[in-house]
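Colleague:
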Amino acid sequence: MPPLLRFMGGELRMDFRRLAEPAGLLYGTAAEDAVKRGFALPLAGGPAAFSCVDLIEDRTHSGFMPVGNVPAGWQDVLARLVAKPPAAGMPEGPQVMGILNITPDSFSDGGLHQEALRAVQAGQAQVSAGASVLDIGGESTRPGAAVVTPEQEWERIGPVVQGLKQQVPEAVLSIDTRNSAVMAQALAAGADVINDVSALTHDPEALPLLAEKTCGVVLMHMRGTPATMTQHAVYEDVACDVVRELGTRLMAAIEGGIAPERLSVDPGLGFAKNTAQGVALLSRLPLLANLGCRVVLGVSRKRMIGELTGVQNASGRDAGTQAASLEGLPLGQTVLRVHAVEGMVQALRVWQRVHTV
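Encoded structure:
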């Protein structure tokens, strides 16, 4: 049974005031041996095991302790870290998701795929390079981007969704949209996943619509809107705050009728987070295991990569993207959302060979 379902039960809600932060990660035979000896626990059903944990209640930290020393009253929280999250409408195991922006003004690839035929060909190339999921968007969510209507958005992506469904039927098609009208048309055309940067807060019709469907749903963390999000990049503890705020959106989705096994989460790197906050969040991604959901990690070519590397041209940030994206793999089921698929697939395969038995 998926971990969120176990915790709904009679209590109805998960208590995200109480979090456990896993650390002391081990891999391969070291992880297996430590788990067998009782010195570590597996992390989110993936290749890593954690040997110590910090218990966090509200803003109070216990300090890191061995997993064997966790008090009985915290065992339910610990169990969330261990359980393998549901697939949420995408293939099992770590996956690469190719970004396909059908926009004139996206920060990295705006204008490259505006013609439907060219976009379909680009999607086919991403699948050939190893992407199992294609994320198709018709609205730029960068700060200052022009607002488009749902009708304009669907006019951009509709022919692409239909073309990809015909040309690469094996690919999972994810639709990057905040608008229920676009969601409905995309699902009718055969899309498999809805990826909403607003975590279903932008359009009040989105949640009731998706509650009646069976598709996967990605809830991304963002404060404000793409136009105002930079004003909201103030956190007491960015990692704990993001997990708790995503937890609120998860519970809203579940209470609104979306089955827990359909849900995955995106920590929203680059959305209402500056570079220092993004680095802090990346360094503590295992904390997301408290949510019991699959993680979609989208750091591709973001400003943070540019500021860390000094590379101003977004298309030159793929090596930095790969390094940052690999930070998500200890969680096991992570989906890496990138522009440059081939290099990410190579990096993923090498990481897996090194870190798994």
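To convert, count from 1 in the sequence shown and add 14; that's this note's numbering.
Note that the Cβ used here is the ideal one computed from N, Cα and C, for glycine as well.
#1: Kindly indicate the opening and closing residues of the alpha helix (DSSP H) around serine 11.
#2: Could you compute how far the alpha carbon of alanine 133 sits from the alpha carbon of alanine 139?
#3: Taking C-alpha atoms, which residue in Arg94, Met28, Gly42 and Gly60 lies nearest to glutamate 35?
#4: Which same chain residues, not among the five before or five after glutamate 341, have their C-beta less than 7 Å away from its C-beta?
#5: If the criterion is Cβ atoms closer than 7 Å, does the pair alanine 266 and methionine 234 meet it?
#6: For glutamate 269, does the count of other Cβ atoms within 10 angstroms reach 16, so buried, or fall short, so exposed?
#7: Bridge partners for valine 231 per DSSP, in chain order?
#8: Which value, in whole angstroms, describes the spacing of the CA atoms of arginine 308 and valine 349?
#9: For phenylalanine 285, which of Val248, Lys179, Cys254 and Arg258 has the nearest alpha-carbon?
#10: Between valine 186 and valine 162, is the Cβ-Cβ spacing less than 7 Å?
#11: Can you tell which of Gln336, Ala145 and Met318 has the C-alpha that lies nearest to the C-alpha of alanine 290?
#12: Does the separation of the CB atoms of glutamine 199 and tryptophan 168 fall below 7 Å?
#13: Apart from the five residues just before and just after glycine 334, which ones in its own chain have a Cβ nearer than 6 Å to its Cβ?
#14: What first and last residue would you give for the alpha helix (DSSP H) that runs through glycine 177?
#15: Would you kindly report the start and end of the unbroken alpha helix (DSSP H) that includes methionine 111?
#16: Relative to the C-alpha of leucine 178, which residue among Val49, Ile272, Val257 and Gly137 is closest?
#17: Under 7 Å, do valine 91 and leucine 55 count as touching if we go by C-beta distance?
#18: If we require 4 or more residues per run, which alpha helix (DSSP H) segments fall completely within the segment 48-114?
#19: Alpha carbon to alpha carbon, what distance is there between arginine 331 and glutamate 129?
#20: Could you have a look at serine 188 and say whether DSSP puts it in helix, strand or coil?
#21: Does the Cβ of methionine 243 have 16 or more other Cβ atoms within 10 Å, making it buried, or fewer, making it exposed?
#22: Nearest-angstrom Cα distance between valine 67 and alanine 225?
#23: DSSP three-state call for arginine 308: helix, strand or coil?
#24: Quick one: any contact between the segment 97-114 and the segment 302-316, if contact means 3 or more CB pairs under 8 Å?
#25: By alpha-carbon positions, which one of Leu277, Thr228, Val359 and Gly172 ends up nearest to glycine 112?
#26: Counting pairs of beta carbons, one from the segment 351-365 and one from the segment 39-59, are three or more of them closer than 8 Å?
#27: Just how far apart, CA to CA, sit arginine 351 and valine 110?
Modeller: Short version:
#1: Since the first residue shown for the chain is 15 and the last is 371, residue 11 is missing from the structure and cannot be characterised.
#2: Position 119 of the sequence shown, counting from 1, holds the residue named residue 133. Position 125 of the sequence shown, counting from 1, holds the residue named residue 139. Answer to the nearest angstrom: the Cα atoms are 10 Å apart.
#3: Indexing the sequence shown from 1 puts residue 35 at position 21. The candidate whose alpha carbon is nearest that of glutamate 35 is Arg94.
#4: Start at 1 with the first residue of the sequence shown, and residue 341 comes out as number 327. Answer for glutamate 341: Leu296 and Leu299, listed in chain order.
#5: Start at 1 with the first residue of the sequence shown, and residue 266 comes out as number 252. Start at 1 with the first residue of the sequence shown, and residue 234 comes out as number 220. No, they are not a contact pair.
#6: Here residue 269 refers to the residue found at position 255 of the sequence shown. So glutamate 269 counts as exposed.
#7: As a position in the sequence shown, residue 231 is number 217, starting the count at 1. For valine 231, the beta-bridge partners assigned by DSSP are Ile208 and Leu277.
#8: Position 294 of the sequence shown holds residue 308. Position 335 of the sequence shown holds residue 349. The straight-line gap from Cα to Cα measures roughly 8 Å.
#9: Start at 1 with the first residue of the sequence shown, and residue 285 comes out as number 271. Nearest C-alpha to phenylalanine 285: Val248.
#10: As a first step, residue 186 is located in the sequence shown; it is residue number 172 there, counting from the start. As a first step, residue 162 is located in the sequence shown; it is residue number 148 there, counting from the start. Their beta carbons are not under 7 Å apart, which means valine 186 does not touch valine 162 by this criterion.
#11: On the sequence shown, residue 290 is found 276 positions in, with the first residue counted as 1. Out of Gln336, Ala145 and Met318, Met318 has the C-alpha closest to the C-alpha of alanine 290.
#12: Residue numbering aside, residue 199 sits at position 185 when the sequence shown is read from its first letter. Residue numbering aside, residue 168 sits at position 154 when the sequence shown is read from its first letter. It is a contact, given that the beta carbons lie within the stated cut-off.
#13: Numbered from its first residue, the sequence shown carries residue 334 at position 320. Ile319 and Thr323, listed in sequence order.
#14: By 1-based counting over the sequence shown, the position of residue 177 is 163. Bounds of the alpha helix (DSSP H) holding glycine 177 are 164-181.
#15: Locating residue 111 in the sequence shown gives position 97, where the first residue counts as 1. That residue, methionine 111, is in no alpha helix (DSSP H); its beta strand (DSSP E) goes 109-115.
#16: Sequence index remark: in the sequence shown, residue 178 carries index 164 (1-based). The residue with the shortest Cα to Cα distance from leucine 178 is Gly137.
#17: Here residue 91 refers to the residue found at position 77 when the sequence shown is read from its first residue. Here residue 55 refers to the residue found at position 41 when the sequence shown is read from its first residue. In this structure, leucine 55 does not lie closer than 7 Å to valine 91 by Cβ.
#18: The alpha helix (DSSP H) runs of length 4 or more contained entirely in the segment 48-114 are, from start to end of the chain, 89-96.
#19: Stepping through the sequence shown from its first residue, residue 129 is reached at position 115. Stepping through the sequence shown from its first residue, residue 331 is reached at position 317. One C-alpha to the other measures close to 25 Å.
#20: The sequence position of residue 188 within the sequence shown is 174, counting from 1. DSSP places serine 188 in strand when its eight states are reduced to three.
#21: On the sequence shown, residue 243 is found 229 positions in, with the first residue counted as 1. By the neighbour-count rule (16 or more Cβ atoms within 10 Å), methionine 243 is buried.
#22: Counted from its first residue, the sequence shown places residue 67 at position 53. Counted from its first residue, the sequence shown places residue 225 at position 211. Roughly 35 Å separates the two Cα atoms.
#23: Translated into positions along the sequence shown, residue 308 becomes position 294. If DSSP states are grouped into helix, strand and coil, arginine 308 belongs with the strands.
#24: yes
#25: Along the sequence shown, read from residue 1 onward, the residue named residue 112 stands at position 98. It is Val359 whose Cα lies nearest to the Cα of glycine 112.
#26: no
#27: If you number the sequence shown from 1, residue 351 lands on position 337. If you number the sequence shown from 1, residue 110 lands on position 96. Cα-Cα distance, rounded: 6 Å.
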